[in-house]
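Going down the list, the protein sequences come from chains A and B.
Note that the numbering used here has the first sequence beginning at 19, numbered continuously upward.
Note that the numbering used here has the second sequence beginning at 19, numbered continuously upward.
Built from N, CA and C at the ideal position, the CB exists for glycine as well.
Only a predicted model underlies this, so the values are computations on that prediction, with no experimental measurement involved.
Protein chains: 2
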Amino acid sequence: MHLDYQPITLNLETPFRIAHGTSLVRENVLVRIRAAGLEGLGEAAPVRQHHETQAGVMDYLAGLELPGDPFLLEEVMASLPPGSQAAKAAIDMALHDLQGKMLGVPLYRLWGLNPARAPETSFTLGLGPVAEVEAKARAAAERFSILKLKLDADEAGCLALVRAVRAAVDSRLVADANCAWTVDQALRLIPALADLGLEWIEQPLAEEDLEGLRKLHPESPLPIFADEPVRTARDIPRLAGCVDGVNIKVMKAGGLREAQRMIAVARAHDLQVMLGCMMETSVGITAAAHLAPLVDWADLDGNLTVTNDPFIGVLVEKGKLILPDGPGLGVRPRPAPAGTEDSGAKT
Amino acid sequence: MHLDYQPITLNLETPFRIAHGTSLVRENVLVRIRAAGLEGLGEAAPVRQHHETQAGVMDYLAGLELPGDPFLLEEVMASLPPGSQAAKAAIDMALHDLQGKMLGVPLYRLWGLNPARAPETSFTLGLGPVAEVEAKARAAAERFSILKLKLDADEAGCLALVRAVRAAVDSRLVADANCAWTVDQALRLIPALADLGLEWIEQPLAEEDLEGLRKLHPESPLPIFADEPVRTARDIPRLAGCVDGVNIKVMKAGGLREAQRMIAVARAHDLQVMLGCMMETSVGITAAAHLAPLVDWADLDGNLTVTNDPFIGVLVEKGKLILPDGPGLGVRPRPAPAGTEDSGAKT
C-alpha cells in the first residue's frame with residue numbers, strides 16, 4: 019500500500035476559547051493510502067494536551083511502510099511503531115475508507131449499523147463574555163437542539179453564563195468544565211446547573227482526580243462524563259464507578275477500530291458513551307460519525323466552524339447527523355463555491 | 019428476511035464425559051436465513067448448564083420475524099426478545115454469513131483479520147480410566163500439539179492421569195477442572211501439575227467462587243482461565259484480578275458480535291483470551307474460528323468427534339486451524355462419502 023500525507027491548516031470561523039487556551043487555526047494532516055487502484059482518506063488532528071503536533075504527525079508518517087492490504091487492518095495497525103495516536107487514527111480511517119470502497123459499501127453498513135440510529139450532535143459554544151456566548155447560542159439554536167457550553171473556574175461567571183443562555187434559547191443544554199473545578203466547586207455548581215436544566219457535565223475535575231470523582235459522583239444530581247482521562251480502551255475500567263459515561267475521541271483512541279473496542283468496554287461497565295472530536299475537516303468528523311449509531315451522545319461539530327474544509331461528508335440537519343451513503347467514509351471533495359475560480363460558471 | 023430452522027442430532031465418536039455428566043449425542047438446531055437470494059447458515063448448540071434445550075431453541079425461533087437486512091445486524095440483534103443465547107448466536111452467525119456472501123468476502127476479511135494468525139487449537143480428552151485417556155492421548159498427539167485434559171475432584175486420580183499422559187506423549191498439555199476443586203485442593207494440585215509441565219488450568223473452582231479465585235490466583239504457578247462464569251461482556255470486568263484469562267464461547271455470548279465485544283473487554287483488563295465451543299457441526303465451529311486471529315488460545319475441537327457433521331468448514335492440520343476462503347462463513351455441505359449413495363460415481 020502507498021501512503022501519502024500533506025499538512026492542512028484549518029481556518030476557524032470564530033476563535034475557539036477553552037480552559038486550556040485559544041485557537042484561531044488548527045494544523046492537521048491529511049493522509050491518503052492507495053491500494054487496488056483506489057484511494058482511502060484519513061485525517062490526523064494532533065492533540066496538543068498529549069504533546070502532539072502537525073510536525074510530529076508528519077515525522078511519524080515519514081517513510082512508514084504499510085504491509086499487506088486494507089483487509090489486514092488489525093495486523094497493519096499492530097505493526098505500527100509507538101507514537102502519534104492521531105497519525106494512527108488517520109491510517110486506520112484511510113484503511114477503513116479503502117475497505118468500504120473496495121466492497122462498495124458505506125462504513126456504517128460494513129459495521130452492521132443503522133445510520134438512522136445516530137443521535138443528534140450537540141454544538142459547542144466556546145468560552146467568552148456572556149453577551150457573546152448568548153448571541154452565539156441564539157444563532158446555534160436555529161441549527162441544533164443541544165448546545166454544549168464551555169465553563170471555567172469562575173463560579174459566579176459560570177452561573178451567569180448559563181442563566182443568560184437558558185433565558186435566551188429553548189435548546190437542551192449540556193456543559194464541559196475541561197478540568198476546571200475542585201470537588202467543592204463541583205458540589206456547589208452542579209446542583210445549581212441542574213436547577214437551570216443542564217443535562218450533564220463533562221470533566222468537572224482535574225484529569226487525574228479519580229478520587230475526587232469518586233466523591234462527587236454519588237452526590238451529583240447530573241450525569242458526569244469523563245473526557246481527558248479517556249484515551250484508549252485500557253483507560254475505561256478504572257473510570258467505572260467514578261463517572262456515568264465517557265467521551266471517546268477517535269484521534270486519542272488511535273482509530274475507529276480502537277474506538278469500537280472502547281464502546282464495547284464502556285458498555286460492559288454500564289457507562290454511557292459520548293463520541294467527541296477535535297477541530298477536523300469532514301474527513302475525520304465523518305469517520306467518527308459512522309460510529310454514532312452505537313453511542314448515546316454525539317459531539318461531532320469539529321468541522322462546522324472550519325471555513326476552508328476541503329471536503330463534504332456527514333451533514334447536520336437540525337442537529338441530526340446525516341451520514342453519506344457513498345462507499346467507505348463517503349467523503350468527497352467540496353465543490354468550489356460559484357465565483358471563486360475561473361470555472362466558466364462565472365455568469 | 020426469511021428464517022428457517024431444523025433440529026439436528028450430532029453423533030459423537032466417543033462418549034464424552036465431563037464433571038457434569040456424559041454425552042453420547044448432542045441435539046442442536048441449524049438455522050437458515052434467506053435474503054437477497056442468498057442463504058446464511060447458523061447453528062445453535064443449547065448450553066445445558068444454562069437450562070437450554072433443543073426444544074427451547076426451536077420454541078424461541080418459532081414465528082420470529084427478522085426486520086431489515088443482514089447489514090442492520092446490530093439492530094436485528096437488539097430487536098430479539100430475551101431468551102435462548104444459543105438461538106441468538108445462530109441468528110447472528112447466519113446474518114454474518116449473509117453479509118459475507120453478499121459482499122463476496124470471508125468473514126475474517128470483513129473483520130480485518132489475518133487467518134494465518136489463528137492459534138493452534140487444543141484437542142480435549144474426556145474424563146475416563148487412565149489407560150483409556152492415555153490411549154486417546156497417543157492417538158490425538160498425531161494430529162494436535164496441544165491436548166486438554168479434563169480433571170475431576172479425585173486428586174490422586176488427577177495426578178496419576180496427568181503423569182501417565184505426560185509419559186505417553188510429547189504434546190503440550192493444559193487442563194480443565196470444570197469447577198471440581200476447592201481452594202485447598204487447587205493450592206495442592208496446581209503446583210504439582212505445573213511440575214508435570216501443564217501450561218494452564220481452566221475453571222478450578224466453583225462457578226461463583228470469585229472469592230476463592232482471588233485467593234488462588236496470586237498463589238498459582240500456572241495461569242488460570244475462567245470458563246463457567248463467562249457468558250457475555252458484562253461478566254468480564256469482575257473477573258479481572260481473579261484470573262489470568264477468560265474462555266469465550268459464541269453460544270453463551272449469543273453471537274459473534276458479542277464475542278468480539280468480549281474480546282475487547284478482556285483485552286482492556288489485560289486478560290488472555292481463549293475461544294471455546296460446545297459440541298457443534300462445522301457451522302458453529304467455523305463461525306467461531308473466524309475470530310481466532312484475535313485470541314491467544316483456541317479450543318475449537320467440537321466438530322472433530324462428530325461422526326455425522328453435514329458440513330465442511332474450518333479444517334485442522336497438525337492442530338493449525340485452516341480457515342476456508344469462501345465468502346461468509348465459507349461452510350459448504352459435506353460431500354457424501356463414496357459408496358454411500360447411488361451417485362453414478364460408484365465404479
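Fill in: Closest by C-alpha distance to Gly81 (chain B), when choosing among B:Pro99, B:Ala251, B:Gly230
In the second sequence, residue 81 (chain B) corresponds to position 63, counting from 1. For Gly81 (chain B), the nearest C-alpha among the options comes from B:Pro99.
Worksheet item: For Leu191 (chain B), which residues of its own chain have a beta-carbon under 6 Å away from its beta-carbon, when the five flanking residues on both sides are left out?
Response: One-based indexing of the second sequence puts residue 191 (chain B) at position 173. The residues are Leu165, Leu216.
Worksheet item: What residue does the alpha helix (DSSP H) around Arg181 (chain B) start on, and which one ends it?
Response: Translated into the one-based positions of the second sequence, residue 181 (chain B) becomes position 163. Where Arg181 (chain B) is concerned, the enclosing alpha helix (DSSP H) stretches over 173 to 186.
Discussion item. Rounded to the nearest angstrom, what separates Gly130 (chain A) and Leu205 (chain B) at their Cα positions?
Written reply: As a position in the first sequence, residue 130 (chain A) is number 112, starting the count at 1. As a position in the second sequence, residue 205 (chain B) is number 187, starting the count at 1. Each residue's alpha carbon lies about 46 Å from the other.
Item to complete: Go ahead and label Thr304 (chain B) buried or exposed: buried means 16 or more other beta carbons lie within 10 angstroms of its beta carbon, across all protein chains shown.
Response: By 1-based counting over the second sequence, the position of residue 304 (chain B) is 286. That one is buried.
Practice prompt. Just list the alpha helix (DSSP H) runs in the segment 215 to 249 of chain B, keeping only unbroken ones of 4 residues or longer that don't cross its boundaries, in chain order.
Written response: 228 to 237
Worksheet item: Assuming Ala48 (chain A) contacts Gln24 (chain A) under a Cβ cut-off of 8 Å, what Cβ separation, rounded to an integer in Å, is found between them?
Response: Numbered from its first residue, the first sequence carries residue 48 (chain A) at position 30. Numbered from its first residue, the first sequence carries residue 24 (chain A) at position 6. Note that residue 48 (chain A) corresponds to Leu in the displayed sequence, not to Ala. Going by Cβ atoms, the distance from Leu48 (chain A) to Gln24 (chain A) rounds to 5 Å, so yes, they are a contact pair.
Item to complete: Quick one: using the 10 Å Cβ neighbour count with 16 as the cut-off for buried, is Ala107 (chain B) buried or exposed?
Response: Translated into the one-based positions of the second sequence, residue 107 (chain B) becomes position 89. Buried is the call here.
Worksheet item: Is Lys336 (chain B) buried or exposed, if buried means 16 or more other CB atoms sit within 10 Å of its CB?
Response: The sequence position of residue 336 (chain B) within the second sequence is 318, counting from 1. Exposed: under 16 other Cβ atoms inside 10 Å.
Worksheet item: Where do the N-terminal and C-terminal ends of the alpha helix (DSSP H) with Lys338 (chain A) fall, by residue?
Response: Locating residue 338 (chain A) in the first sequence gives position 320, counting from the first residue. No alpha helix (DSSP H) holds Lys338 (chain A); the beta strand (DSSP E) holding it covers 338 to 340.
Worksheet item: Leaving out the 5 sequence neighbours to the left and right, which residues in its chain are closer than 6 Å to Arg249 (chain A) when beta-carbon positions are compared?
Response: Taking the first residue of the first sequence as position 1, residue 249 (chain A) is located at position 231. Here the set comprises Lys270.
Discussion item. Taking 9 Å as the threshold (beta carbon to beta carbon), is Val283 (chain B) in contact with chain A?
Written reply: The residue given as residue 283 (chain B) occupies position 265 in the second sequence. Interface residue, yes.
Fill in: For Ile254 (chain A), the first and last residue of its enclosing alpha helix (DSSP H)
Your numbering for residue 254 (chain A) matches position 236 in the first sequence. Run containing Ile254 (chain A): none; DSSP gives neither H nor E here.
Practice prompt. Go ahead and label Gln221 (chain A) buried or exposed: buried means 16 or more other beta carbons lie within 10 angstroms of its beta carbon, across all protein chains shown.
Written response: Here residue 221 (chain A) corresponds to residue number 203 of the first sequence, with the count starting at 1. Result: buried.
Worksheet item: Buried or exposed: which applies to Gly58 (chain B), given that a residue is buried once 16 or more other Cβ atoms fall within 10 Å of its Cβ?
Response: As a first step, residue 58 (chain B) must be located in the second sequence, where it is residue number 40. That one is buried.
Fill in: Cα-Cα separation, Ala251 (chain A) to Leu257 (chain A)
The residue labelled residue 251 (chain A) in the question sits at position 233 within the first sequence. The residue labelled residue 257 (chain A) in the question sits at position 239 within the first sequence. Distance between the alpha carbons of Ala251 (chain A) and Leu257 (chain A): 11 Å.
Worksheet item: Near Val123 (chain B), which residues of its chain fall below 7 Å by C-beta distance, leaving aside the five closest residues on each side in sequence?
Response: For the purposes of this step, residue 123 (chain B) is identified with residue 105 of the second sequence, where counting begins at 1. These residues qualify, in order along the chain: Pro345.
Fill in: 8 Å Cβ cut-off: residues of chain B touching Pro255 (chain A)
Here residue 255 (chain A) is taken as the residue at index 237 of the first sequence, counted from 1. Within chain B, the residues near Pro255 (chain A) are Pro255, Ala258, Ala286, His287.
Fill in: Residues that Val334 (chain A) contacts on chain B, provided the C-beta gap is smaller than 8 Å
Along the first sequence, read from residue 1 onward, the residue named residue 334 (chain A) stands at position 316. Simply none; closest approach about 22 Å.
Worksheet item: Hey, which unbroken runs of the alpha helix (DSSP H) at 4 residues or more fall wholly within the segment 90 to 129 of chain A?
Response: 91 to 97, 103 to 121, 125 to 128
Worksheet item: Hey, is Val324 (chain A)'s beta-carbon within less than 9 Å of any beta-carbon in chain B?
Response: Within the first sequence, residue 324 (chain A) is the residue found at index 306, counting from 1. So, not an interface residue.
Worksheet item: Any idea what DSSP makes of Glu31 (chain B), helix, strand or coil?
Response: Taking the first residue of the second sequence as 1, we reach residue 31 (chain B) at position 13. In this structure, Glu31 (chain B) counts as strand in the three-state DSSP scheme.
Item to complete: For the segment 70 to 93 of chain A, enumerate the residues whose C-beta is nearer than 7 Å to any C-beta of chain B, in chain order.
Response: Phe89, Leu90, Leu91, Glu92, Glu93
Worksheet item: Which residues share a DSSP beta bridge with Lys166 (chain A)?
Response: Walking along the first sequence from the start, residue 166 (chain A) turns up at place 148. Lys166 (chain A) is bridged to A:Thr142, A:Val192.
Item to complete: May I ask you to list, following chain order, the residues of the segment 143 to 172 of chain A that have a beta carbon less than 9 Å from some beta carbon of chain B?
Response: none
Discussion item. For Gly320 (chain A), which residues in the same chain have their Cβ closer than 6 Å to its Cβ, ignoring the five residues on either side in sequence?
Written reply: For the purposes of this step, residue 320 (chain A) is taken as residue 302 along the first sequence, with counting starting at 1. Only Cys295, Met296, Met297, Glu298, Ile303 meet the Cβ criterion.
Worksheet item: From Lys154 (chain A) to Ser163 (chain A), what distance separates their C-alpha atoms?
Response: Reading the first sequence from its first residue, position 136 is the one you call residue 154 (chain A). Reading the first sequence from its first residue, position 145 is the one you call residue 163 (chain A). If I take the Cα positions, the gap works out to 14 Å.
Item to complete: Using a Cβ-Cβ cut-off of 9 Å, state whether Leu223 (chain A) counts as contacting chain C.
Response: Note that chain C does not occur in the displayed structure, where the protein chains are A and B.
Worksheet entry | Span of the alpha helix (DSSP H), counted from its first residue to its last, around Val334 (chain A) | Here residue 334 (chain A) refers to the residue found at position 316 of the first sequence. Run containing Val334 (chain A): none in the alpha helix (DSSP H); it sits in the beta strand (DSSP E), 333 to 335.
Item to complete: With a 10 Å radius around its C-beta and 16 neighbouring C-beta atoms as the bar for buried, classify Gly263 (chain B) as buried or exposed.
Response: Position 245 of the second sequence, counting from 1, holds the residue named residue 263 (chain B). Buried is the call here.
Fill in: Spatial neighbours of Tyr126 (chain A) in its chain, beta-carbon cut-off 7 Å, leaving aside the 5 residues before and after
Taking the first residue of the first sequence as position 1, residue 126 (chain A) is located at position 108. For Tyr126 (chain A), where only same-chain residues beyond five positions count, the Cβ hits under 7 Å are Pro133, His308, Pro311, Leu341.
Worksheet item: Going straight from the alpha carbon of Pro353 (chain A) to that of Pro328 (chain A), what length do you get?
Response: Against the first sequence, residue 353 (chain A) aligns to sequence position 335. Against the first sequence, residue 328 (chain A) aligns to sequence position 310. Cα-Cα distance, rounded: 8 Å.
Worksheet item: Can you tell me the Cα-Cα spacing of Ala306 (chain B) and Lys233 (chain B), whole angstroms?
Response: For the purposes of this step, residue 306 (chain B) is taken as the residue at position 288 of the second sequence. For the purposes of this step, residue 233 (chain B) is taken as the residue at position 215 of the second sequence. Their backbone Cα atoms lie some 32 Å apart in a straight line.
Item to complete: Could you tell me the boundaries of the beta strand (DSSP E) in which Glu57 (chain A) lies?
Response: Along the first sequence, read from residue 1 onward, the residue named residue 57 (chain A) stands at position 39. Per DSSP, Glu57 (chain A) belongs to the beta strand (DSSP E) from 56 to 62.
Worksheet entry | Interface residues of chain A facing Gly130 (chain B) [CB-CB closer than 9 Å] | Here residue 130 (chain B) is taken as the residue at index 112 of the second sequence, counted from 1. Under the 9 Å cutoff, chain A gives Pro88, Phe89, Leu90, Leu91, Glu92, Glu93, Val94, Met95, Leu113, His114, Gln117, Arg275.
Discussion item. Below 7 Å on C-beta distance, what does Arg249 (chain B) contact in chain A?
Written reply: Indexing the second sequence from 1 puts residue 249 (chain B) at position 231. What Arg249 (chain B) touches in chain A: nothing, since even the nearest Cβ is about 12 Å away.
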